[in-house]
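Asks: I have a structure I would like to understand better, so I am pasting it below and will then ask my questions one at a time.
Numbering (my numbering), first residue to last: 436 to 750.
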């Protein structure tokens, strides 16, 4: 009798499960999380603190950008700076879950003010290659991730003071998406939204619905009690307030796109059908060409002015 092949164990997820279970059993190992919501882009940035030291990390910061005038400002980032300084914190990491398509990163501005190593997943090189070509960025644009201080591998362990953290590769929305397990919490970027809103789109270059389904199953394998922190919220129909924290158990039970019992084929059909109805994010063109550079704006041209490119009839 033929037997079904046995899938190899997912060592990174096993490691993450163990780390979360240890944190659930020891309150001192759970991070303190402060959220900062930018309603203009529906983005949530986080300061994640070790309760036993001054160590912290900043996740998915926002540089304010007015598309009509082409002007940037630092209001959102200054709120993070004020909190860090008021609380006497030390920033060890500036973490990006992916190269965002809906807001510009403020990481370089925050690094200058607060320090911290800028990090993202190692597959950012695929995003840089794809969008470097789209924006005709030229040979001076490095496509090896050097704009970041560190590129995480799947399952890589790092620390924020006494907090243990693990990077999980969760592609599908983009090829480079990472989730960060920190204590009993996981910061999932755009893979998941609140259970009543569903999941991330997969129609950007390098996105894939079947891949996202597999990534979400990795997250769903974490303990039910795991706190889940989202990068965005758009208020699902019938809900009057913004929300960005849930649990793995709630996602498994209630997520409208990918709750327990939904198989890959069903999810792919739903996701691809929905994606065909969506407009491109209004800030995708400025956001990606800044974020693929680690949040740095393009270099000034001969007249001293920085320019963003708008490829016509392409995206």
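We put the beta carbon where it would ideally sit given N, CA and C, even for glycine.
Where does residue 508 fall in DSSP's three states?
Replies: Reduced to three states, the DSSP call for residue 508 is strand.
Asks: Just how far apart, CA to CA, sit residue 446 and residue 652?
Replies: Approximately 14 angstroms, taken between the alpha carbons.
Asks: Output the boundary residues of the alpha helix (DSSP H) element that contains residue 648.
Replies: Taken as a continuous stretch (DSSP letters only), the alpha helix (DSSP H) holding residue 648 covers 644 to 655.
Asks: Determine the direct distance from the alpha carbon of residue 466 to that of residue 539, and round the result to whole angstroms.
Replies: Cα to Cα, the separation comes out at about 26 angstroms.
Asks: Do residue 432 and residue 662 have their C-beta atoms closer together than 8 angstroms?
Replies: Here the chain has residues from 436 to 750 only, and residue 432 is not among them.
Asks: Could you pull the DSSP bridge partners for residue 742 from this structure?
Replies: Answer by DSSP bridge pairing: none, since residue 742 is not bridged.
Asks: Smallest Cα separation from residue 673: which of 469, 522, 631?
Replies: Residue 631 is the option with its Cα nearest to residue 673.
Asks: In angstroms with no decimal places, state the Cα-to-Cα distance between residue 577 and residue 568.
Replies: Going by the C-alpha atoms only, they are around 12 angstroms apart.
Asks: Cβ of residue 607 within 8 angstroms of Cβ of residue 654?
Replies: No. Outside cutoff.
Asks: Going by DSSP, name the residue or residues bridged to residue 599.
Replies: Note: residue 599 sits in a beta bridge opposite 594.
Asks: Would the beta-carbon of residue 560 fall within 8 angstroms of that of residue 454?
Replies: Not closer than 8 angstroms, so no.
Asks: For my contact list, residue 743 and residue 733 are in at a C-beta cut-off of 8 angstroms; report their separation, rounded to the angstrom.
Replies: The Cβ separation is near 7 angstroms, so the contact holds.
Asks: Rounded to a whole number of angstroms, what is the C-alpha to C-alpha distance between residue 448 and residue 730?
Replies: Each residue's alpha carbon lies about 29 angstroms from the other.
Asks: Do residue 458 and residue 619 come within 8 angstroms of each other at the CB atom, strictly closer than that value?
Replies: It is a contact, given that the beta carbons lie within the stated cut-off.
Asks: Report the partner residues of residue 667 according to the DSSP bridge assignment.
Replies: In DSSP, residue 667 forms a bridge with 478.
Asks: Quick one: measure Cβ to Cβ for residue 533 and residue 624, integer angstroms, because I've assumed they're closer than 8 angstroms.
Replies: The pair is a contact, with the Cβ atoms about 5 angstroms apart (cut-off 8 angstroms).
Asks: Go ahead and label residue 602 buried or exposed: buried means 16 or more other beta carbons lie within 10 angstroms of its beta carbon, across all protein chains shown.
Replies: Its Cβ being crowded by 16 or more others within 10 Å, residue 602 is buried.
Asks: In three-state terms, what does DSSP make of residue 556?
Replies: Note: residue 556 maps to strand in three-state DSSP.
Asks: Would you call the CB atoms of residue 702 and residue 649 closer than 8 angstroms?
Replies: No. Outside cutoff.
Asks: Taking only three categories from DSSP, how would you classify residue 564?
Replies: Residue 564: helix per DSSP, three-state reduction.
Asks: Measure how close the beta-carbons of residue 477 and residue 667 come, nearest whole angstrom, since I'm counting them as under 8 angstroms.
Replies: Confirmed, about 5 angstroms.
Asks: Going by DSSP, what residue range makes up the alpha helix (DSSP H) through residue 447?
Replies: Looking at the DSSP string, the run of the alpha helix (DSSP H) that includes residue 447 is 446 to 460.
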